[in-house]
Structure formats: structure tokens, C-alpha cells
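The block underneath contains the structure these notes are about, expressed in C-alpha cells.
2 protein chains.
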Amino acid sequence: MRSRETLIPVYYRLAEDIKQQIEAGVLKDGDLIPTETQLGEQYGVSRMTVRQGISLLAEAGLIETVKGKGSFVTRPRLNQLVIDLKNNGADNEQLCYKLINVNLIRNKSDLATELGFIGETNIITLKRLLFRKNLPIAIEEKFLRYQKGKPLLETMLEYADLPELVAKHQDSVPVRNDVVISVSALSTEQAELLEANEGLPALVVKQVIFAKEDKPLGVSVMVCHKDRFELKATSYPISGRL
Amino acid sequence: MRSRETLIPVYYRLAEDIKQQIEAGVLKDGDLIPTETQLGEQYGVSRMTVRQGISLLAEAGLIETVKGKGSFVTRPRLNQLVIDLKNNGADNEQLCYKLINVNLIRNKSDLATELGFIGETNIITLKRLLFRKNLPIAIEEKFLRYQKGKPLLETMLEYADLPELVAKHQDSVPVRNDVVISVSALSTEQAELLEANEGLPALVVKQVIFAKEDKPLGVSVMVCHKDRFELKATSYPISGRL
DNA sequence: TAGTGGTCTAGACCACCCG
DNA sequence: GGGTGGTCTAGACCACTAG
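The listed protein sequences correspond, in order, to chains A and B.
With my numbering, the residue at position 4 of the first sequence is 4, and numbering never jumps.
So my numbering is basically just the index in the second sequence, starting at one, shifted up by 1000.
Shown next as C-alpha cells:
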């Protein structure tokens, strides 16, 4: 039984319908939704099609299916936040970058160890300043393993973010990205770059990219002027894809 | 053609195989993976089964499928981070809560407006202190719309996080959760509670929970001692489900 | 036009859960 | 044992892309 008059797929309509019922409170946390067979009859559709819709809901975190029992409505886990580091602080306002310096540091195994680059002695460091409306808002310093035969283009240095840089410069495939957000005070040098007072509190975002087996590929430390930069995030689950 | 000797589903093995190839660098960013028909022949399996595996990879962000063209390997978007607010700063160390106060504020429409509770005059506020090893690490203040006939239990006040509290106290279904992370200085009162000096920089995590149509349900503001609390996050895409 | 992924069917057998 | 979701089949038609 097709319903191809409508342009949107049946499984999508089914998922949307159930989502509405959950958001309207008709289906509550812990409730069982109709079985796949029932939904199939209800929509005049085969079970595989129903399952496609169900899986959308499960993906979005609206339901949880349990083998042998059924699919339960779950309160969305709003504590899982998604932060988009790339476009943060942007807000459609023109953000610009200014490259401060690029260095190749050789044979500084102490620095390498500190960064977690075990056995690595050559490290590329690059520092840039982020501006919004001619006002410096953050200092960003990156550390990368040096890899022979993978030149870094000037334009890339200026514009790329850490994951992009790592992807372009390294052969290893990035697999994980850990971030720590903390607070510190501006050093003399940092204060000068940010046109602020020494000792002013700053938001620090430290990011480490790993390949398989916890091999660190790159580190990025962003020191942000407290009054000119905020990190924003939105929870993902419920109004994500659906 | 079944391969039921192995206990794990075929579609899962297929996805795992392709994931290995991507992580090993055999399949690179932008590469086309074999077509669904080819994979079906290769694994001796029907196309729907192949699609199930493919969809796992797409979910994990390892590939992107384009209608009429094929499925392309994509560099994982590591800029999308997942932060688990609930278990943050916990690190298996015993975290405890101390309830400071609970208030029902009536007819303070200015406060309600400030919080975004339009047309609402009765607000519940509750403040608690977070400890780790008897050291105060953060002050958390929550603001909720007051809803009649939904009592708040003492134990809940002390232990629940914001999404949980909102879910229990409100009929409206939470749909979105916005978070802003910033830096501020401790007030006299805050400094006293945190056993720290006034003016000390602090990490501020403000969280707003919304129902449909941007109706705010609850607000939480967490002020964290800079040396006793860090926010940690790990990127999700690549090594998430698969 | 040939090839691709997107949707969908009408079955099947299985493992799991519960009364 | 009866019901549930999990896996899988061998087809089908469609919309889209590209040469």
C-alpha cells in the first residue's frame, strides 16, 4: 500500500507523528509506543518501513527499543551538549585571523614530552590572533608533529582550524578529540596581544587530537578575552535531525 | 547466503571492515566506497543488509552518501564536541551536594522577564553547593517556573540536575538546552560560599532549558572555582557507536 | 542511457522476555 | 508459548547523476 501522493517518505511521516505525540505529552517518559506490527497495520506499510522510522526516533534519542519488550519513550538526555568549536563566538559577525608566527622546533624533547608527542623531537608551533571588528578576542596556539614531505601552506596556517590542519599535515587519521575548558590569568605577553590588562581572567580552551591508540597528533590552546568571547552550545538529541 | 556461524550481524561486520580501512588510511577522505550492489555481492548478502551497515557508517560520520553518486569517505568532523554536564568534574571522585536554600518568589515580574519567563510571576529558586572531598567547588543556582500541583521533594532538590528537575516539575516537554560558558569574578557572597577570595575569576556555565516554541522552562547558573573545576569533553563522531 | 542510492514489500527465522 | 524486536531476503520502482 503506497502513499506516494505525498512527497515525503512514509517512515519519515511515521517518525514525525510519534515525535509530535511525545512533544505534546501524549506519549510520556517510559510509555511503550505501539509495536512494529501494529504501526505497520496502522500506516498500511511493511514492517521494515516501520523499523526505518523507529530507528530515526531512536537515533534522535526520543525512544529506546528493547529486544523482546518494545520501544519506550525516553526523556531526552539534555545533558549531552554539542559544541561547535569552529563557529563559536562567530555569530555571523566577521571573524578574522592574524598569523603571529610559525616555528619548527627541533630536538626539544622536553616540550614534546609535555605535549604528549612521545619520541617526537620536531614540532611545528603556530600562533595566531583572532579578531572581531578589529578587536582581538583570542590567542590561539597550535602544536603539531612535524611530518616530512607535508608542507604547510601559508593560507592554511592562517585559516584552518586544528582538525583541518591535522588532517592536511598528517598521514595518521584523527580519531578522537579531547577538550578541557578552564580559566587562567593573562600573562604579560598575552595581555599585550589581546590589548588588555595583565592578570585579567581568561577562558582557556585546550584541545588535543588523537589518532588510534591514544597517539596525540596535535594540540591547540586558545586563550580568550573574557568580555569578548563566550562558548555557546546547544543540546542535540531531540530537535536534531528529525 | 547466511553467515550465521558468527554471532555478530553481517551488516555490523561490513561497517566495521570499512571503518578499519578508513582508520588505516586505505580509504581516504573523499574516496568512494564500493557501491551497495558490489558490497552485497562481496559479502554474499542482500542490498538491504548492506544499506544497514552503510547507515551505521553514515551515522558515525565516517561517510556521506549522495543519491545517484555513491558513498564518500569524509574526514570526521571533530569540531563537534559532546560535553556531559552531569558527570563533569566528577572523575569518579565523590561529589556531594549541600542545599543552601529554596524559595518561591511571587510577583517579581522583573526577575521573571530577566529569566525569559514571560507572563510568569511565580518562580522557584534553589541554590546548592557542590563539594568534592569537603572542598566547595561550585555554586549552582536554579530557576524554575512554578507549577501548581507539582511538589518538589527535598531529596530531588538536593540531587537532581536541571533537566531532571524540569522533567519532574513541569508538564511541558523539554526540547532544547542552550548553554553559554563564560568567565566572571566572584562576588563577596560567592567567595564566602566557595571559601575563596572575592574577585577570583570563576568559570560560569549558564544553562537554559526550553520547551517548544522557545518557551523557557528552567535556568541554571553554575559558578565554578577556577582551580577546582574544569569542563571536559570528548569528540563523538568517529569512535562513538561503532 | 546506465548506474547509483532512496524507498518499500511480503515474507522468513531468530533471540529474547514474560506470564 | 505467544509476543516482541533483530536480522535478512530477493525482489521492485523511483529520483537522481553523469557521460
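A virtual CB, placed ideally from N, CA and C, is assigned to each residue, including glycine.
As the structure is a prediction and not an experimental result, all values here were calculated from the model.
The beta carbons of B:R1106 and B:L1217 sit no closer together than 8 Å.
Remark: C-beta atoms of B:L1014 and B:V1050 approach each other more closely than 8 Å. B:K1212 and B:G1119 have their C-alpha atoms roughly 16 Å apart.
For B:R1013, the uninterrupted alpha helix (DSSP H) segment begins and ends at V1010 to E1023. Contact annotation: A:H169 and A:A196 have beta-carbon atoms that are not nearer than 8 Å. Judged by beta-carbon spacing, A:S182 lies within the 8 Å limit of A:V204, meaning their Cβ atoms are closer than that value. At a C-beta separation below 9 Å, B:V1050 has no neighbours in chain A, since its nearest C-beta there lies roughly 14 Å away. DSSP places B:V1223 within a strand segment (E or B) once states are collapsed to three.
Within the segment 166-211 of chain A, the complete alpha helix (DSSP H) segments at least 4 residues long are 188-193, listed from N- to C-terminus. Beta-bridge partners assigned by DSSP to B:E1140: B:R1128 and B:M1222. The criterion of a C-beta distance shorter than 8 Å is satisfied by A:V73 and A:I22. Against chain A, a Cβ distance below 8 Å from B:D1017 picks out nothing, because the smallest value is about 16 Å. According to DSSP, A:P216 shares a beta bridge with A:F210. Residue pairing by DSSP places B:N1103 opposite B:T1125 in a beta bridge.
When the Cα atoms are used, A:V175 and B:T1188 turn out to be separated by approximately 44 Å. Burial state of A:K142 is buried, judged by a 10 Å Cβ sphere holding 16 or more other Cβ atoms. The Cβ atoms of B:I1139 and B:K1148 lie no closer than 8 Å to each other.
Excluding five sequence positions before and after B:Q1052, the CB atoms of its chain that fall closer than 6 Å to its own CB belong to Y1011, given in chain order. DSSP, read as helix, strand or coil, puts B:R1145 in strand. Nearest CB-CB separation between B:I1181 and chain A: below the 8 Å threshold.
Residue burial is scored here from C-beta neighbours: A:S109 has fewer than 16 other C-beta atoms within 10 angstroms and is therefore classed as exposed. With contacts defined by Cβ atoms closer than 8 Å, B:L1162 and B:Q1207 form a contacting pair.
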